[in-house]
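Trainee: This structure is in structure tokens; I'll ask about it shortly.
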Amino acid sequence: MPRTKGSKNRPKTTRTDYASQIAEKQESITSLTAEISSITANIDTLKVDLKEKKTALKKAEKEVASLESKKAKADAKAAEEAKKAEAEDVLKKLLASGVSADEILEKLKNKNPRKIKSVWTN
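Numbering of the sequence shown is given in our numbering, commencing with residue 45 and proceeding in unit increments.
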């Protein structure tokens, strides 16, 4: 009979405990499922917050646009009033300098600013 080669002192293979491995994996599955549900709930609350912030942003942008248009109207009105006041001042100066109202109207009808300027400087 031939002699076997190799050492006979090798350790015996241990039997693996599948039940404990299954229990460990099930615990990890349970914890991962809990984490996923927590993250999902967190995402849902963040989505709601994002939606609220977006509506608030749109509302604020509309208010800014409204205020800008009101400001532009007020600026235009103030500029018109300033022009009117300046024209009245010029008219008073011309009348005070002895220019008749008919001459002023005639020069305004001609719309020649040089003639009016020369009268203003006199």
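All C-beta atoms in this analysis are idealised placements derived from N, C-alpha and C, irrespective of residue type, glycine included.
Give the list of continuous beta strand (DSSP E) stretches no shorter than 3 residues that lie fully inside the stretch 76-127.
Mentor: Those beta strand (DSSP E) runs which fall completely within the stretch 76-127 and span 3+ residues do not exist here.
Trainee: Quick check on the DSSP output: the alpha helix (DSSP H) that includes asparagine 154 runs from which residue to which?
Mentor: As a position in the sequence shown, residue 154 is number 110, starting the count at 1. Residues 145-154.
Trainee: Report the three-state DSSP secondary structure of aspartate 133 (helix, strand or coil).
Mentor: In the sequence shown, residue 133 corresponds to position 89, counting from 1. Aspartate 133: helix per DSSP, three-state reduction.
Trainee: Take leucine 76 and list the residues in its own chain whose beta-carbon comes closer than 8 Å to its own, dropping the five residues that flank it on each side.
Mentor: As a position in the sequence shown, residue 76 is number 32, starting the count at 1. Excluding residues within five positions, none has a Cβ falling inside 8 Å.
Trainee: Using the three-state DSSP reduction, which class does lysine 52 fall into: helix, strand or coil?
Mentor: As a position in the sequence shown, residue 52 is number 8, starting the count at 1. DSSP places lysine 52 in coil when its eight states are reduced to three.
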